[in-house]
Every structure is written in C-alpha cells, then in structure tokens.
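Worksheet for the structure shown next.
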Amino acid sequence: MNPTLNPLLRRYRAPAGYLLLAVLAYLLPYQLGSYDMHVLDTAFVFGILAIGLGIVMGIAGQINLAQITLMGVGAYTTAVLTTQENYGFWVAAILAVLASGLVGLIIGVPALRVQSHYLGIVTLGLSLAFTDWVTTSTLAGSGSGISGIPVPPLGGIDLSDDYLYYYLELVVFVLSLAFGLFVVRTRLGRRMRAMRDDPLAAGSGGARIPVLRMTAFLLAGLYGGVAGVLYAGLIRFVAPETFSTADMFLLLAMVVIGGRQSLWGCVIGALALSVVQDELTDLSTYAQLGYGIVVVITAVVAPTGLAGLPGRIRPLIRRQREQPALAPFQPYPATAAARETATGRELLRLDAVTMRFKGLTALREVSLSVGAGEIRGIVGPNGSGKTTLFNVISGLYQASQGTVSFADRHVHNLRPYRLSDLGLSRTFQNLRLFRELTVREHVMVGLDRTRPGWAWRYAIWPVGVWRAERRLGAQADELLDRYGLAGFAKATPYALPYGIQRRVELARAMAGEPRLLLLDEPAAGLNATEKAQLVEIVRSIRDHGTTVIIIEHDMGLVMSLCGKVTVLAAGQVIAEGAPADVAANPSVIEAYLGRAAAPRQTDAAEPAPSKTKEPTV
Amino acid sequence: MQVFLQTIVGGLNLGAVYALVALGFALVYRTMGLVNFAHADVLMIGAYIAATFTVSQHLPFAVAVLASIVITGVIGLFIERFLRPLEGRDFDLMLIGTIGFGIVLESVATLIWGATGEAVPSPVQTRPLVVFGASVPTYDLVVMGVAVVAMLALSLFLERTRRGVAMQAVAMDYDAAKAVGINVGRSNAIAFAIGAGLAALAGALVGPELYVSPTMGGSIGIDGFAAAILGGFGSIPGAVVGALAVGLLNSFSADYFQGYADLATFVLFAVIVMIKPTGLFGEKTVLRA
Amino acid sequence: MIVRPARCIALAGSAVLVLGVLAGCSKPGSSNTASTGSSTGPIKIAVVDAQSGQDSSLGQWEYDGAKLAVSQWNAKGGIDGRQIQLTVFDDKADPTTGTDIASKLASEGFVAMIGTAESGVTAAMEPTLEAAKIPNITSGQSPALTKSGDPYVFLNGPTSVTYDSTLAAYLTGTLHDTKIAMITNNGAYGAGEQSSFLAQLTADGLKPTSNQVVTTTQTDFSSALTAIKQSNPQVVFIGSEEVEAGLIVKQARSLGITVPFAGGAPQGTPVFIDTAGTANVEGTIVSSPYLSNDTSAASKAFAAAYQGAYGSAAELHGAKAYDGTEILLTALKTSGLATGLKLADAIRATQYDGLLGDFRYDKTGVGIFKTSIGIVKNGSLVAVG
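Protein sequences, first through last, are from chains A, B and C. For the first sequence, position 237 (counting from the first letter as 1) is numbered 237 according to full-length UniProt numbering, and the numbering increases by one without interruption. For the second sequence, position 247 (counting from the first letter as 1) is numbered 247 according to full-length UniProt numbering, and the numbering increases by one without interruption. For the third sequence, position 253 (counting from the first letter as 1) is numbered 253 according to full-length UniProt numbering, and the numbering increases by one without interruption.
What follows is the structure, encoded as structure tokens:
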C-alpha cells in the first residue's frame, strides 16, 4: 500500500472500520431468525470466555485447561445466589465474577511451581474436581443442576427475549474485548508476552514472574466469571455437563484455530466455531470427524491460527522491501553523576563464592571486587565458569557458599527482578530476545520499571495507564534513535541480522539505566566494524555512569576496552590485573593452551557451558 | 481391615492398567518429545480391535490381544506420520493437535463400531483367590503380571538392544544422534508404534474389566497421564510407581470421600505435584518458575 | 500503525447510541415470530436425544421407537391426509446444546417434540419450549420435571418415585427383606434414585445396612462393595446407569457378594446384562413398566414390527418413545391438528392403553403410576407371579 496516497484515509481507516463493525453488529439481529439469534447469543458467551483463555494461554503462556470451569464457577454462583439465597441477579452477578476471579487465582497457584504439560494436567484435574463437586453437592443442585434462574432485570427491558439479550451481550463483549486489548497492548500485557517468550530474560529485566502468572489467572477468572453470568442469564439453567472436558477442548480448539496470540483471533475463532458447531448438530459424527481434522491441520499447518494468516501471507504477496541499515550509535552525554561514580568506590563484591551442581563444582571460592566506573573483563577457557559467575551475580543461581554484595548491600538470596530493581542488568551469551515482540517493545519492556502494585490502575484509572504508555513510547523512540535501531522498531528480532539482534539486547539491557551492566560475550558473531562500534558503545555507557563487566573471548577487544581483567580457570580466579600483565602471566597461558603455545586462537564461541542446563529464574 | 485390604487390591489393579497407559506416554515423550493426548484414544482403538476378535471372531483372548497389539502398532506408524510436524513443538500445539487427533479417532471408531459400545466377557473364569480375607480376582492378577512383564521388557529393550539404545540417544541429543548416523525418523516411528502397541495392550486388557465404547479413553487417559506426571514424566520406572500411586489414590478417595472422590483425588494430586514438581523419578531438567 | 482503541471505542459506542435512538421504536425479531402449525405440508415433529457420546444408545432406541410409530401412521395415510415428518436432533446430552435446539424448534415451526432422555437437558429446554408453546413428551423420569408447573411437559413413563416405591414395596412387603444395602452414583439419575428409594425405606421404618455413593466415572468399586459385603444385606439396591451398574455387579460377584441386586429400568437392559455377564445378573430384581416383549398382544405386535424395521429386539426405551409418539399423534388427530396449549390439553385428555400401561395424565404431566416387578432369568427379564 502506498503510504503517501491518502493520509486522511489512513488516519480514519481504523475508526471507520470500527464504526462499520458497530453498525453491522447493531443491524445483525434484524436479519436473523430466533434460532440463529440464540446460537449467536451462546457464541458471544464463548467469545468472552475465549478472551480469558487467550490472555492466560496465548498472552501469558500459561496452560489453563480449567477455563470452562471458571465459567462454571460464575454461572453456578449466580444460580445458587439467585435461586437459593434470593439475591438480586446483578448483586449475584458481581459476587459471581469475584468468586470466579478467586477460583482463577486458586487454579493458578500450581503455575508458580510447574509449567507446560505438568500445569496442563493439574488444571485439568482441578476442573474435574469442580465437576465432581457440583455433581455431588446438594447446594449446587446435585447432578440435576439448578433451574429457575431469574431473567436479569434491566429497567423494563425484557431480557428473556434473545434479541434484546444480544444487545446486552454485545455491550459487555465490546467492553471485555476492549479491556483485554488494552491490557495486552500496554505494559501489563507486554510483560506477560515477554514472560511467555522468555521467562528468564523477562525476570532479569525486572518482571515479577510469579505475580504476572497470578495476574494472568486472575484475568482468566474474571473473564470466566463474566461469561458465566451471561450464560446463567441466557440459559437460566446450569448443570454439571455444561462445563465438561469436551467443552474445554472445544474452547481450546476455538482459541488455537482463531490464533492464540491475538485476542481478535481468539474471539473470531470462538464465534465462528460455536456457530459452525451449532449448524452441524444434525450430522454430528461427521461434524465431529471434520472438527477433529480441522484442529489437527491447524496445529500442523497454521500454528498461528486464522489471526496469523495475514502475517504469513503478506510477505508472499508484498515485494521484499529494502532492509534499512543499522544507524550509528549516538553517544550518551557524559553526566556529572557519572564522573562522581567514577571515583572507584566498590560497587560489586563477591567473597569466596562457591557454586556446586550435583557433584560438579562450577565455581570454587571466587572472590571479586569491581569498582564503580570500571570496565572489567572476565576471560578464561571454555567451561571455566564465567557464565555461571554471571548467573550467580544476577540472581539466577544461588551460590552454594559465599556472599555477594551489590552497592553495599547483601544481595545473596535476591531474585533476579529484585536485583534488576537495584540497578543490575545483563545480556545473555545465547541471545535471549522475545520471539514475538517488536524491537520497540523490547526496549519498552526494558524501560518499564513499574512495580506490581501499579497494575491496580488498570481497574481504577485506565486513562493514567494510557498516558504513562505514551510517555513510555516516547522514551522508547528516543532510546531506539540512540542505539540506531529506529529503522527496525516494528520488526521482530529473530528476523533481523545477528549483529542487530545483539544491539537490540544491549538496548533492552540499558533501557532501565542500570548501575551495573553484565555483558556475556557481546562480540560473539560480530564482524570487525560491529566490534569497533561495540567498543565505542560500551565506553559511552561507562562514561554515562554505568559500570560494565564483560565476558569476552576476543582478546583484542578485551585489551582495548578493559582497565582490568580477571581470569577464571576451572572455576577459580587464577589471575587479575591490567590486560597486558595478565596476558603475559604464565599460568594464564597454561590454562588456555595447555603447556607452551602461542597466546591467540581463542575466538571461538564457548560451546561447552552452553550445553549445561538452563538456570532457573 | 477387610475394606482397607480390598481397597488396596482394587487400587493396585487400577494401578496396573494405569501403568500400561503411563508407560506409553513416557516412552513416546522421552524418545520423541511428544506429549500425546491421543494416546487414550489409541487405547480405545486397541480395545475395540481385541473385542472384535474375541466377541465376533471367537478367537482365544491371548491371540486377540496379540493381534490387537500388532494392528494398533501398525496404525501407530501411520499416526506418527501425521503427528510428525508436532514433535518438539511448543506444548499448546502438541496439546491441541493430539487432542484433535483423538477426536478423529473417536469419530472413526463411532463410524466403524457404532456409538453403543460393547461388553467383553471375562476371559478367566476361575474363582478369586482369597488373601487375608481380601479377594483377588484371578483376572486382576493376569493384568498386574502383564504390566510388570511389559515394564521389564520395555526397560530391557531400551537398555540392552541396539535399537533401544539408539532411541535413548535420540532422546538425549537429537543432533548428535543424527550425526552418528541414527535414522531419527525411523527411530521415532518405532517408538510411537511401541507406544501404540502398549496402549493396545492396555485397552485389550481393560476391555473385560470395563466396557468398550468410543468414549472409554477419556478418564483412563487422564489418570494414566496423571500417573506419568506423578512418576516423573518420561521415566519408565516412574510411570509404574506413579501409576500404582494414582490407582491407590483413586481407590482410597473413593473409600473415604464417596461421591467427592474425584474432587479429593485431583486436589491431592495438585498438591503433590506442587510439592514435588519433577515427580518421583523426574530429571532436574524441568524449567521451573 | 498505532490504533488508539480508546478513541475507536468511543466512536463505535456513540454510533450505537445514535442508531439506538433512530431505530428505538422497532425491536428486532418481532417480525419473524415462529409460524407454528402451518395448515399445509407435512406435520413437523422433532426427536431430540443424544445421538453421539455416552448416552447415544438411549438416543438411538428412542429415535427408533418414535420412528416406528410415525411410519405406521404415515402408512395409514397420516393425519387428515397430511404426512408426519420426523426430524432428529442431537443434543449430545448437553444442556446448552439443548437450549439451542429448543430455539431451533421454535423458529422452524415444529408442533411438538419427543425427548429428551436426559432430565437435565429437558429441564434446560423447558423455558424456551414453554415460551414457544411446544408440547414435549420426555423419557426423563426425574420428579423435578413434574414440579415446574409447565403445562407443556409430559412424561412417557412413570417417575423414579414410582419405580422405587414399587420396588421397595416388593422387597419389604413380598420378600420381607429387612436388610437392604444401597449403592448409587452421584449423577443426576443415581442421585434421584438414591433419594427416592431412601425415602421409601424410611417410610417403611427401615435403614439401609450400607449406603454407598460412587462417582459416574469410577471403575473400581472395591471399597464400597466390601463395605456392603460386611453389612451382610439380603439384597443390594443399585441406582446407576447400565454400564456402571454392570461393572458394579460383576465386581461384586468376584468379591463374593452372592445376594441379588435390585434396581430400576437400566437393570433390565441387555447392555447391563452383557456388561455384568449373564451368570452374574441371575436373579436381579427389576422394577419396570415394560418387562418384556411378550407380556401382551400389543407388545408382541410392537416387538415384531420393531424387529422387522431395525433387525434388533425392542426394549423399554423404544417402547416408551413409541407410546409417547402414539399419544402425541392421537392427540393431534382428536384435536384436529391443534397446536400450542390446545394440543397440550389434548395430550392431557388422551386416554391411551399402551405398551407401558394405561396412560391417564394428571396436571403434572405424568400418565403412568405403576410399574411391574421382573426378575432376570437366563439373561432376560421375566415377570414375577
């Protein structure tokens, strides 16, 4: 599309699209028979439920096979409160949504300990536990369910009419979707997506992984509750069979076919599949067969679902555009604060740190002191424990013995996000970027320093969230300019050349303006020009006030950059001092090359430690 | 006391069936990294084939079981072809892809055998043994015996045969195995076929204890999967121990909680998994939060 | 492009408001009210039952029974020269699907409905069917169905209270059993059986020796059955569907329980007998309104026609649906193809001597108030005395 063609059209295209959708949604009932109307009403309930599943599974990456149960909690709470406790419908509805949110949190608790298929079977089990409870408990009407749920009263509008109920649902649905999209596109959702793509990197960047997981389950619960209330008001009957495993799998299919990672996709999948499912009630076995086949084919051929199709087709039809070049780095202005910190006060101190894994000692009594304003090099042969050292410093590992202090504070048992808050930041040896986030979003994740309590704003003052978001965006654009990445703002990182990916990770790490930056082999895979740029960037970072520790194999780079070098071999510090002195140290030469050989040849990446197990967050 | 003993016997018998199911899950997962939610539906197909041979063709039960294992194993080879793109993919896709395949199998079974299902007469008609006042049906002993033999045979196969060792190698390091000339595709196909054969064995054996119908896989599959998780997903001895644990958990919660048995079972299960996320025999590779 | 959701939503919202004001006077759906009972073309009757999933065998029997009645009427020329058209819908035993189908029946001009076999699904469909004035004859037997005051719901058999009171009277009165154990499941059917049978026992001044509840998905009943065995009963009441009841009896025998079992309709079915094994169910006492195909001339004729049409033996559920359909068609004929409340009143007024007994409907929609006692002998149900 030609961007210069019609700016007016571009500006109003989206609002016009929404307006058109609204008109269509308003006029739709006039075209439908009462049966189709009822089917559509049911479909909307599933649409809202699917938004909840989309958030918890597609956005936050948490498997939740109890989503249908959360709807069950909402519907059952409404039913019990209205029919047995004589609450009014809307009072019961509010309590029901809260109850679902609470149950969402309970179901989410296992996510703090397990993930993936472990989480899948636990949540599935909890959903069966709920089914068993409502089947047996007389409070929940036993196996025969609860009938006689009152029609929701609404100022004289007869909501027992499926046509009028549709408009109620439409309003709730639009609000739910808008809120969902708002969450996903602002910082809470951005952190969730970052966590989904790489929990380790997200945690090291300051995201509270446990809190984020629980927030995702809370949202799933609230959406389940809203869907449940609407279900109760529409069907006015609840029974255990309604919230069965088969329905859960149907919901899952809706979300996967529609596209998990896009809420629009989830919603479209839910609406489409409910309608199709109902149209096919007369040929059920074949419909079932076809549904199974469609699900398998989607999973195999189109893993991103319907919502992912435009993104997959676009590159095929659009001509390859010229790749923009990496712009030069614009150095930070040297600050007064930076000069002050460059006085050499001790910033990081390790005392006799030992790190043991089952029978293997990776670090043995390592002591280290790094002063503010330094650029410290850490070198050593493959498998000497350099990355393990970084993992201990950044909180991914907890040292078996010894202490770590950062800025005069014992940080021995602090989680990575706490260290991040204190001003520690790092990059990773094997690049840990967020697969589905744009470059701009990477920087925004790095810039986002808000605490979990901040998220209450979403419920109480969304306008504040929106304003903060715009400020964050402006800061991100500034940072992208500084790192020369503005041309790639909308690209996802893994499609970019390797050197740019390295630059993105560096920009993300620097976004929070840390006091100490740990760089794990930042020059690996870079060409000579890029290495020269790296040296310039690291110097500017230091001059800006950030202390840098760098693991690097390229001795030339270490020599030119570092004021002081620490040499590790077999988990122990064997030498420390100015680069030239260290390079001449006989024990260093021996450690690197065995006995007697020339001191170069160690540019290769470090394959051995990369095979070790992933650290835990 | 008698109730207690009888509950144990019942639990162990359930456990033996779950063990066969869990072994299939574990084998397929450890060799090809696939969490196969269609496993229980493969079991259902195996049960139907065995039932057809015994009830309609009047073959001896043992022959029917063997035939079912072979036929289902061959079907497994075809299924693996379909599911191959899902191997090693992210869990959401495996989950929904294999569930979808399970639905396909269920509908195919409904089209072939009808939705009504079939009762399979018990192949062993002798009186139950009585041990300390608890009666142990002889057929239960057969099932337990077969489960133990299957586990031993599978362990021997994986540890002692060339093919088995090759499979383990693929599981440990895909690229390295490929580099030393192991045919990874074939190795995975055989692993899946063995998994399908195990499912068929389980299905054929539970046929006479339960009722064979297209939807029979549901709860057996969930319990078998829970067993594999409890033992440490991918571990062969873990699958058996986990299965016995889940069997006993089921029968004791039925004893103490009656109608609330499932509620108790699954809440306890969730608590156990949270306390011991890697299972009883699990490796430390699980990416913890 | 950065979309600004806030602005878009505001725009969309105000657009809806404006349109609402513009079109405020006419509401959608009022123009296309269901055209029930057009006076030409075939008479549309729906069968709604599970055609897939676990309850599909029930659904198949029901559909076959209803289809048989309709084809016999059509062969005789239909009603007032119009043919009867029977359409089957699959409710998957799922209440939500049931409500969708109810709306479909309302919008497509069905005059009446046969089904469902699940009380829960019928309960979910009731409000919609009542609003659309569609009489429905269900195979459900939950007493809850009779308490709604809905004039459009009819049962094609007795309620579970009738099944269980007849059974309890036989056990305590005729056999003089005083030690009765109970095992029921926690599902809709089992829970209903448990409460009504327990009520009968209590009324007779008895307490069950053991009262065990199992879940619907359970497959091992060791602990419950051992507890029952230790309570040393003379008979065990069983309240569960065909397959699970069969497994319970099978395991009970292997645990050395030798006393007979007693139960309702499911315990007379071939699925129950096959699952448990013929030898194991010998002597099972069954309370059922339709014991066998040989009890009367009518049942023999029905069984022969059923065998001819489907190649399989008729049983209770087919007979119930057949009776229900006969009653509906008779009422359609006597009322001159009335619809709505008139048709419902005609059904209520129909006195019909059918396979299950003599139907005389009361206000609550129940037409049969007694069952017979049968005993399983050599794999089939035989009437007592």
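Don't be surprised by glycine CBs; every beta carbon is placed ideally from N, CA and C.
| Asked | Found |
| --- | --- |
| Do you know offhand how far B/Leu287's Cα is from A/His117's? | Any reading at B/Leu287 is ruled out, since the residue's pLDDT is 33, under 50, leaving its predicted position unreliable. |
| Below 8 Å on the Cβ atoms is my guess for A/Val535 versus A/Val567; work out the distance and round it to an integer in Å. | About 20 Å separates the two Cβ atoms, so there is no contact after all. |
| Candidates B/Ile69, B/Phe233, B/Ala261 and B/Val241: which alpha carbon is nearest B/Asn250's? | B/Ala261 |
| Can you tell me which of B/Ser56, B/Val55, B/Leu95 and B/Gly117 puts its alpha carbon nearest to the alpha carbon of A/Ile257? | B/Leu95 |
| Three or more C-beta pairs under 8 Å: does that hold for the region 84–92 of chain B against the region 271–290 of chain A? | no |
| For C/Gly120, I'd like the list of residues in its chain whose CB is within less than 6 Å of its CB, leaving aside the five on either flank, ordered along the chain. | Pro95 and Ala188 |
| In three-state terms, what does DSSP make of C/Ser31? | Note that C/Ser31 scores a pLDDT of 46, beneath 50, so its modelled location is shaky; the value from the coordinates is reported in the next line. Three-state result, C/Ser31: coil. |
| Mind reading off the beta-carbon distance from A/Gly269 to A/Ser420? Whole number of angstroms is fine, and I expect it under 8 Å. | Wrong, their Cβ atoms sit about 36 Å apart, outside the cutoff. |
| Just list the residues that DSSP pairs C/Gln85 with in beta bridges. | C/Lys44 |
| Starting from the C-beta of A/Gly305, find all residues in its chain whose C-beta is less than 7 Å away, skip the five residues before and the five after it, and write them out in chain order. | Val256, Ile257, Gly258, Gly259, Arg260, Gly265, Gly269 and Thr298 |
| Hey, out of C/Asn156, C/Ala132 and C/Gly190, whose CA is closest to C/Thr138's CA? | C/Asn156 |
| In the region 312–397 of chain A, which residue ranges form an unbroken alpha helix (DSSP H) of at least 4 residues, counting only runs that do not cross its ends? | 336–341 and 386–393 |
| Nearest to A/His553 by alpha carbon, out of A/Gly383, A/Gln115, A/Ala66 and A/Arg426? | A/Gly383 |
| Would you decide whether A/Glu505 is buried or exposed? Buried here means 16 or more other CB atoms lie within 10 Å of its CB. | buried |
| Per the DSSP calculation, C/Thr231 is bridged to which residue(s)? | According to the sequence shown, residue 231 of chain C is Ser rather than Thr. Paired residues: none, contrary to the question. |
| Compute the beta-carbon to beta-carbon distance between A/Ser34 and C/Ala106, rounded to the nearest angstrom, for a pair I have assumed lies under 8 Å. | 6 Å |
| Output the distance between the C-alpha atoms of C/Thr36 and C/Glu108, rounded to the nearest integer angstrom. | Note that C/Thr36 scores 47 on pLDDT, short of 50, meaning its location in the model is unreliable; the coordinates nonetheless yield the value given after this. For C/Thr36 and C/Glu108, the distance between alpha carbons rounds to 8 Å. |
| Using 9 Å as the limit for Cβ to Cβ distance, is C/Thr269 near chain A? | no |
| What does A/Pro152 touch in chain B if you count any residue whose Cβ is under 7 Å from its own? | Within chain B, no residue comes near A/Pro152; the closest Cβ sits about 30 Å away, beyond 7 Å. |
| Need the endpoints of the alpha helix (DSSP H) that A/Ser405 sits in, please. | Element bounds for A/Ser405: not the alpha helix (DSSP H) but the beta strand (DSSP E), Gln401 to Phe406. |
| If you draw a straight line from the C-alpha of A/Pro497 to the C-alpha of A/Gly487, how long is it? | 13 Å |
| Looking at chain C, is there any beta carbon in it that lies within less than 9 Å of the beta carbon of A/Phe173? | no |
| Mapping the DSSP letters down to three states, classify B/Met1 as helix, strand or coil. | coil |
| Which runs of the alpha helix (DSSP H) spanning at least 4 residues fall entirely within the region 477–529 of chain A, listed in chain order? | 498–511 |
| So which residues on chain C does B/Pro137 lean against when the C-beta distance must stay under 7 Å? | Ser254 |
| Assign A/Met1 to buried or exposed, taking buried as 16 or more other Cβ atoms, counted over all protein chains shown, within 10 Å of its Cβ. | With a pLDDT of 47 at A/Met1, under the threshold of 50, the modelled position of this residue cannot be trusted; read the value that follows with caution. Exposed, because fewer than 16 other Cβ atoms sit within 10 Å of the Cβ of A/Met1. |
| Quick check: the Cα distance between A/Val573 and A/Leu447, rounded to an integer number of angstroms? | 35 Å |
| Span of the beta strand (DSSP E) holding residue 417 of chain C? | With chain C running from 1 to 385 in the structure shown, residue 417 of chain C is simply not present. |
| At the level of alpha carbons, what is the spacing between A/Leu480 and A/Val392? | 30 Å |
| Going by DSSP, name the residue or residues bridged to C/Arg360. | C/Gln351 |
| Starting from the beta carbon of B/Gly259, find every residue of chain C whose beta carbon is closer than 7 Å, and list them in chain order. | Asn186, Val213 and Thr215 |
| What distance in whole Å lies between the Cβ atoms of A/Tyr458 and A/Val184, which are believed to be in contact at a cut-off of 8 Å? | No, A/Val184 and A/Tyr458 are not in contact; Cβ-Cβ is about 11 Å, not under 8 Å. |
| Thinking C-alpha only, which one of B/Tyr256, B/Leu244, B/Thr72 and B/Gln125 is nearest B/Leu105? | B/Thr72 |
| What's the call for C/Lys133, buried or exposed, on a 16-neighbour Cβ count within 10 Å? | buried |
| Checking contacts by CB at 9 Å: is B/Val146 closer than that to chain C? | no |
| What are the uninterrupted segments assigned as alpha helix (DSSP H) that are 4 or more residues long and contained completely in the region 107–162 of chain A, given in chain order? | 116–136 |
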